[in-house]
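Undergrad: Before anything else, here's the structure in question.
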Amino acid sequence: MTNDIGKLLNTSVPARPAADPAPGAPGTELQVDPAKLKDLVGPAEEAEGDMRSAVHKAMPECEQAATALGREWATSARLTELTGGWETALNGLAGQIGEVGPKLAKTAGNHMLAEAVTRRTVQAIDSMLGD
Numbered sequence: 000m001t002n003d004i005g006k007l008l009n010t011s012v013p014a015r016p017a018a019d020p021a022p023g024a025p026g027t028e029l030q031v032d033p034a035k036l037k038d039l040v041g042p043a044e045e046a047e048g049d050m051r052s053a054v055h056k057a058m059p060e061c062e063q064a065a066t067a068l069g070r071e072w073a074t075s076a077r078l079t080e081l082t083g084g085w086e087t088a089l090n091g092l093a094g095q096i097g098e099v100g101p102k103l104a105k106t107a108g109n110h111m112l113a114e115a116v117t118r119r120t121v122q123a124i125d126s127m128l129g130d
C-alpha cells in the first residue's frame, strides 16, 4: 500500500488523459514546480526596475519637447497631458509587474506546504489502515 501512496504523491509522473484534451479541461493535471516559480521572482523584479527606469528617462525628453513647442500651442499642453498620463499608467504597470515576484514566491511556498500536509495526511491514513 505504501508504494501506491508513493505513486500518488509523485508529482513528476504526468497524468495520462484518454485523449488530448485542451489545457485546463477536465481530466488534465496541473504540474506545479515551486523551484521554477521561485526562479521567476528575480526576472519579475528586474522587469519592474527596467520599466521604471525607461519611464524615468523618457519623461524629461517629453517635457522638453512640450516646452520647445511653446506654451501658446495647444499641442504643447496636450503633449504634457499625454506624457503625464503615460507616466502614471506605465508606473502603475511596473508596480503590478513588481508584485508578481512576491506572489510567485508565496505561491511556491503555499504549494510546498500543501504537498507536505497532504503527504503527512496520507501517511497517517496509511499507518492507521496498516500495510
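Using numbering that gives the first Met the number 0, read the sequence shown as starting at 0 and increasing by one per residue. Glycine included, every Cβ here is placed at the ideal spot set by N, Cα and C. Given the structure is predicted, the values throughout are model-derived calculations rather than measurements.
Could you give the DSSP three-state label for Glu28: helix, strand or coil?
TA: coil
Undergrad: Is it the case that the stretch 55-72 contacts the stretch 25-42, given that we only count it when at least three CB pairs across the two stretches are under 8 Å?
TA: no
Undergrad: Is Leu39 helix, strand or coil when you go by DSSP?
TA: coil
Undergrad: Kindly give me the distance between the Cβ atoms of Ala104 and Lys37, rounded to whole angstroms, as I take these residues to be in contact under 8 Å.
TA: 6 Å
Undergrad: Do Leu78 and Ala64 have their C-beta atoms within less than 8 Å of each other?
TA: Judged by their CB atoms, Leu78 and Ala64 are nearer to each other than the 8 Å cut-off.
Undergrad: Straight-line CA distance for His110 to Val31?
TA: 8 Å
Undergrad: Of all the beta strand (DSSP E) runs that stay within the bounds of the stretch 58-104, which reach a length of 3 or more residues?
TA: For the stretch 58-104, not a single whole beta strand (DSSP E) run of length 3 or above is found.
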